[in-house]
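Peer 1:
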Ligand SMILES: Cc1cc2nc3c(=O)[nH]c(=O)nc-3n(C[C@H](O)[C@H](O)[C@H](O)COP(=O)(O)OP(=O)(O)OC[C@H]3O[C@@H](n4cnc5c(N)ncnc54)[C@H](O)[C@@H]3O)c2cc1C
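So, in structure tokens, the structure goes:
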């Protein structure tokens, strides 16, 4: 007899079926479906720690730079400005958009609509550096950008955002553009490439001590199926193990 055809009884059940990321290694919606069956509230799942996909126009403009990496500060400055963090890490161009630690991190906070704000020269004032060198012309600006940014990116940047003159205003615009590149991804790469699934069983449904359902005694949810999402750095593993330990003490 196969397990699918059998009924099993137990006084306690711990659900540890993870999120929806990477179906080809066994991810299913089982945990969410079961929680739904018992009327538990679920924060809608979505792909997180995931690369972002550019629109076709931006793919044509930027994606031949696939493999080029730049240190940036990535943040979101949409209408809901509050409490969304910024990440100073590397960003990597891919064949379809952008990835790298800065982008994976910020993707977990992206609502699918707001632009992603990228500072391409964190904590530097490049036009001030240009003036200190006694220059204001486009050739010197190109040389400086090539020192600070990967050369292929610097050249593409200047094709897209050329210096519009040598006035103070033109230099200020150039500086502002570098610190505030707003990209509007079209989508994420989805669960096929997401390192985690954000959303899941609402933590208010569960005991903070044991992870047991408040409504359904004996039913426990641990790990990624719960609405707890960590940043890069091992925090998702940590949550899976720590929540498993807590439930394990109680069953
Ligand atoms: C590519 C990748 C890289 C990652 N890197 C990191 C990292 O560096 N640091 C970090 O902290 N986290 C990382 N994570 C996230 C981390 O792996 C998860 O958060 C963690 O493993 C979740 O543990 P879990 O036990 O809740 O679920 P999982 O480890 O996903 O285990 C769930 C298990 O349940 C099984 N299952 C699901 N449905 C069913 C079903 N219907 N019947 C039977 N079995 C089922 C699945 O096959 C799976 O074996 C990464 C994830 C991925 C995909």
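Numbering (my numbering), first residue to last: -8 to 242.
All C-beta atoms in this analysis are idealised placements derived from N, C-alpha and C, irrespective of residue type, glycine included.
A quick note: this is a predicted structure, and the numbers were derived from the prediction, not measured.
#1: According to DSSP, what are the bridge partners of residue 189?
#2: Around the Cβ of residue -3, are there at least 16 other Cβ atoms within 10 angstroms (buried) or fewer (exposed)?
#3: Return the residue from the list 183, 66, 19 and 132 that minimises the CA-CA distance to residue 191.
#4: For residue 152, which option in 40, 201, 100 and 132 has the closest C-alpha, if you only look at C-alpha atoms?
#5: If you compare alpha carbons, which of 49, 46 and 92 is closest to residue 63?
#6: Going by Cα to Cα distance, which pick from -5, 40, 143 and 1 is closest to residue 220?
#7: Here's the rule: buried if 16 or more other CB atoms are within 10 angstroms of the residue's CB, otherwise exposed. What is residue 28?
#8: Helix, strand or coil: which one does DSSP assign to residue 170?
#9: For residue 128 and residue 135, what's the separation of their Cα atoms in angstroms?
#10: Quick check on residue 155: does DSSP put it in helix, strand or coil?
#11: Is the beta carbon of residue 185 within less than 8 Å of some heavy atom of ligand 1?
#12: Considering only residues of the same chain and omitting the five flanking positions on each side of residue 21, which have a CB-CB separation below 6 Å?
Peer 2: To lay it out plainly:
#1: Walking along the chain shown from the start, residue 189 turns up at place 198. Paired residue(s): 37.
#2: The residue labelled residue -3 in the question sits at position 6 within the chain shown. Taking all protein chains shown into account, residue -3 has fewer than 16 neighbouring C-beta atoms within 10 Å of its C-beta and is therefore exposed.
#3: The sequence position of residue 191 within the chain shown is 200, counting from 1. Checked all of 183, 66, 19 and 132; the closest Cα to residue 191 is 19.
#4: Indexing the chain shown from 1 puts residue 152 at position 161. For residue 152, the nearest C-alpha among the options comes from 132.
#5: Along the chain shown, read from residue 1 onward, the residue named residue 63 stands at position 72. Comparing Cα positions, the closest option is 92.
#6: Mapped onto the chain shown, residue 220 falls at position 229. It is 40.
#7: Working through the chain shown from its first residue, we reach residue 28 at position 37. Exposed: under 16 other Cβ atoms inside 10 Å.
#8: By one-based count along the chain shown, residue 170 stands at place 179. Reduced to three states, the DSSP call for residue 170 is helix.
#9: Residue mapping note: residue 128 aligns to position 137 of the chain shown, counting from 1. Residue mapping note: residue 135 aligns to position 144 of the chain shown, counting from 1. So the two alpha carbons sit approximately 11 Å from each other.
#10: As a first step, residue 155 must be located in the chain shown, where it is residue number 164. Reduced to three states, the DSSP call for residue 155 is coil.
#11: Here the question's residue 185 lines up with position 194 in the chain shown. True, at least one ligand heavy atom lies under 8 Å from that Cβ.
#12: Here residue 21 refers to the residue found at position 30 when the chain shown is read from its first residue. Excluding positions up to five away in sequence, the list reads 8.
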